[in-house]
Each structure stands twice: as structure tokens, then as C-alpha cells.
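Position one of the sequence shown corresponds to residue -4 (the numbering used here), numbered consecutively onward. Here a beta-carbon is modelled for each residue, glycine too, at the ideal position from N, C-alpha and C. Below: the structure, in C-alpha cells.
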Amino acid sequence: MTEAVEMTEEEQQQWVKKQYQIATKYLAEKGIVTNSVTVEESRYLVPLLALWKLTAMDGKKFWVLCGDLPSDHSSVDVAPNAREALRHFALKWQMQAENLLQAENEEQKNFAQLLIGRAEGLYKLYDDESLWQSK
-4 MTEAVEMTEE
6 EQQQWVKKQY
16 QIATKYLAEK
26 GIVTNSVTVE
36 ESRYLVPLLA
46 LWKLTAMDGK
56 KFWVLCGDLP
66 SDHSSVDVAP
76 NAREALRHFA
86 LKWQMQAENL
96 LQAENEEQKN
106 FAQLLIGRAE
116 GLYKLYDDES
126 LWQSK
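This is how it looks when you write it as C-alpha cells:
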């Protein structure tokens, strides 16, 4: 078993930059072109996840989640802050997984299990008070 390697500050910054690119590309594939990011409301837990608050060219705002989990997005209307956005994605994925588990397709059932695991992880992060204390 190999030990986890600590990331340097530069590697962490590169990871965050890459996740931003992934998030904007993900939205672009959905037909949403981004205009700006609200950095002070976005959150990252390197190297697990990045949660971006992005504004599209038409002024609509989105929470975009990416990292070591499936990329996803929702309107900012679903959550007033990053913590509540994590909770939203956790619950959304639980519901999606329930629907996928009904499928006959084995690949969809496997994806459902992945979603369940990631949703549980997101909820644990949402529930961890130490991550959300003001500095």
C-alpha cells in the first residue's frame, strides 16, 4: 500500500485551477457559457472536490461541483451558500441513485452505487462543523 503524498502549495493551486477549467467546460457542454466566478463563495477541499459559484453570460448563477466525484450543477437558488449546496447535491444524488437502482441495466446500478457513496461523503462534509467555522 502506498502512502498519500502531500501536495505542495503550487500543486494545490494547479489542482484548483484545473478544477475551475473542468467546471467551466462542464457547463459549456450543457450550453452554459460562464462569465465570472464568485471566488469568496466557492470552496475547495484539495484533492477531493471543488464547489464553484459561477455566473453565466446571461446573468444566471450556478453551483458547480467537480473533483473526485461526478461533475454536477444546480441553480444558486437551491442553496444560499456552499455548505447548503453540498447538502443539496448529496440529497439530489440520493434521489437519482434510487431511480437508477430500479433500472435493469447493470452499468446504471453501478453508477447508482457510486452516487450513493459520493452523496454520503458530501453529507459528511456538510455535517462537519470544523470545516465551516469562520476564520
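{"query": "Return the CA-CA distance between SER70 and ASP122, expressed in angstroms with no decimal places.", "result": "22 angstroms"}
{"query": "List in chain order: all unbroken alpha helix (DSSP H) runs of 4+ residues lying wholly within the segment -1 to 32.", "result": "4 to 24"}
{"query": "Label MET2 either buried or exposed according to how many other C-beta atoms from any shown protein chain fall within 10 Å of its C-beta, with 16 as the threshold for buried.", "result": "exposed"}
{"query": "How would you call LYS48, buried or exposed, if buried means at least 16 neighbouring beta carbons within 10 angstroms?", "result": "buried"}
{"query": "What residue from LYS104, GLU101, GLU102, HIS83 has the CA that sits closest to GLU115's CA?", "result": "HIS83"}
{"query": "If you draw a straight line from the alpha carbon of PHE57 to that of ALA51, how long is it in whole angstroms?", "result": "8 angstroms"}
{"query": "Just list the residues that DSSP pairs ASP67 with in beta bridges.", "result": "LEU60"}
{"query": "Name the two residues that bound the continuous beta strand (DSSP E) containing LEU46.", "result": "44 to 51"}
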